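Heads up: the sequence shown begins at 7 in this note's numbering, then just goes up one per residue. Cβ coordinates follow ideal geometry from the N, Cα and C atoms, glycine included. Values in this document were obtained by computation on a predicted structure and should not be read as measured data. I have placed the structure first, in the form of structure tokens, so that the comments after it can refer back to it.
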Amino acid sequence: MLEVTSTAEENRLDVDFAEIYRRSNLFQRNRELVENLSKPSGNSKELNFPSNSSLLIESIVSIWFTYRESQQDLFNAMGSMYAAVLFIGITNATAVQPVVSIERFVSYRERAAGMYSGLAFAFAQVAIELPYVFAQSVIYCSIFYSMASFEWTALKFIWYTYFMYSTLLYFTFYGMMTTAVTPNHNVAAIIAAPFYMLWNLFCGFMIPHKRIPIWWRWYYWANPIAWSLYGLVISQYGDDDKLVALSNGADSMPTRVLLKEVFGYRHDFLCVTAVMVGFFVIFFAVIFGFAIKAFNFQRR
């Protein structure tokens, strides 16, 4: 069709297809149809979203988060934690990479002039992230904790905030680390992406720890997201004795027992989990500092 009506064909035939169409009855009918369809009918109403509909939707969402009577309801709550850890964490890691890459090349000149050492520069970059990530965590946890209708106790809120803070910190430091060990942020993004996939696969949510083949379980324990999800879940539900209906619809068991049987989560492991997420924060920060001091990708 485009070849037959091309400009070359118009020149060869000495005709103007656009002008022929403009004088045709088809053009007139299409124009009238567009005008008729663009005018609202006499009995139509303006599109609006009344407040009662908004209130209804908000109430439904609130009830969905509050409802904790079945196994699926518990898994829904775990899914919200899983999504927050994964997507907000990856966003932090990805966003910090170009910033670190630019600042690193600026630091090469300043370090060459003797203004400061590589470790001092790395320490400053790590330290400046602490208050920013803390503010991000507090804002997120304050909003989401009330929306998800978790148990309103000071201890559980502090535990939830701590695990989210540590999680966002080690994701941020991981993004900084991958940038420090690579020439630029583009290569860093390529290096970091496979680990996001592996962390997602072995975090214990899509495939519970007990169902992972035994020769791969070591990676579950080396997975920072697995520890974050472990801590978030048991800090909220690990000591909950409320009965929940199982997926078969006939039986029920306490929440803490269900978590132990399906995912292997134990509430007495809470302190160990807290130490492990803190370990990953320090681990990625130390590697970042070492890479800044030891590697130099400056081109002369």
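Using 10 angstroms around the beta-carbon of residue i, count the other beta-carbons present and answer buried if the total reaches 16, otherwise exposed.
i, result
"residue 90", "buried"
"residue 98", "buried"
"residue 230", "buried"
"residue 264", "buried"
"residue 80", "buried"
"residue 40", "exposed"
"residue 278", "exposed"
"residue 184", "buried"
"residue 135", "buried"
Measure the CB-CB distance between residue i and residue j and report whether it falls below 8 Å.
i, j, result
"residue 128", "residue 294", "yes"
"residue 182", "residue 112", "no"
"residue 177", "residue 237", "no"
"residue 143", "residue 92", "no"
"residue 234", "residue 169", "yes"
"residue 146", "residue 166", "no"
"residue 296", "residue 179", "no"
"residue 171", "residue 139", "yes"
"residue 83", "residue 154", "yes"
"residue 197", "residue 208", "no"
"residue 117", "residue 123", "yes"
"residue 270", "residue 216", "yes"
According to DSSP, residue i sits in a beta bridge with which residue or residues?
i, result
"residue 148", "DSSP output for residue 148 lists no bridge partner at all."
"residue 268", "According to DSSP, which records beta bridges pairwise, residue 268 is partnered with nothing at all."
"residue 249", "260"
"residue 107", "In DSSP, residue 107 forms no bridge with anything."
"residue 76", "251"
In terms of alpha-carbon separation, which member of the options lies closest to residue i?
i, options, result
"residue 189", "43, 131 and 107", "107"
"residue 303", "220, 36 and 191", "191"
"residue 280", "239, 264, 261 and 17", "239"
"residue 275", "156, 204, 245 and 261", "245"
"residue 300", "43, 39 and 186", "186"
"residue 258", "33, 77 and 24", "77"
"residue 195", "100, 203 and 116", "100"
"residue 310", "224, 109 and 25", "Outside the shown range of the chain (7 to 306) lies residue 310, about which nothing can therefore be said."
Within the same chain, show all residues whose beta-carbon is closer than 7 Å to that of residue i, passing over the 5 residues directly before and after it, in chain order.
i, result
"residue 75", "250 and 251"
"residue 268", "214"
"residue 67", "Because the pLDDT at residue 67 is just 48, under 50, the model does not fix this residue reliably, and the point stays unresolved."
"residue 125", "295 and 299"
"residue 273", "240, 244, 245 and 262"
With a threshold of 6 Å on Cβ separation, who are the neighbours of residue i within its own chain once the five nearest residues in sequence on each side are excluded?
i, result
"residue 221", "none"
"residue 59", "At residue 59 the pLDDT is 46, less than 50, meaning the model places this residue with poor confidence; the figure from the coordinates comes in the next sentence. So no residue of the chain qualifies."
"residue 33", "27"
"residue 286", "176 and 230"
Under 8 Å Cβ to Cβ from residue i, same chain only, skipping five residues before and after it: list those, please.
i, result
"residue 162", "156, 241 and 242"
"residue 22", "16"
"residue 206", "92, 212 and 231"
"residue 260", "246, 247, 248, 249 and 250"
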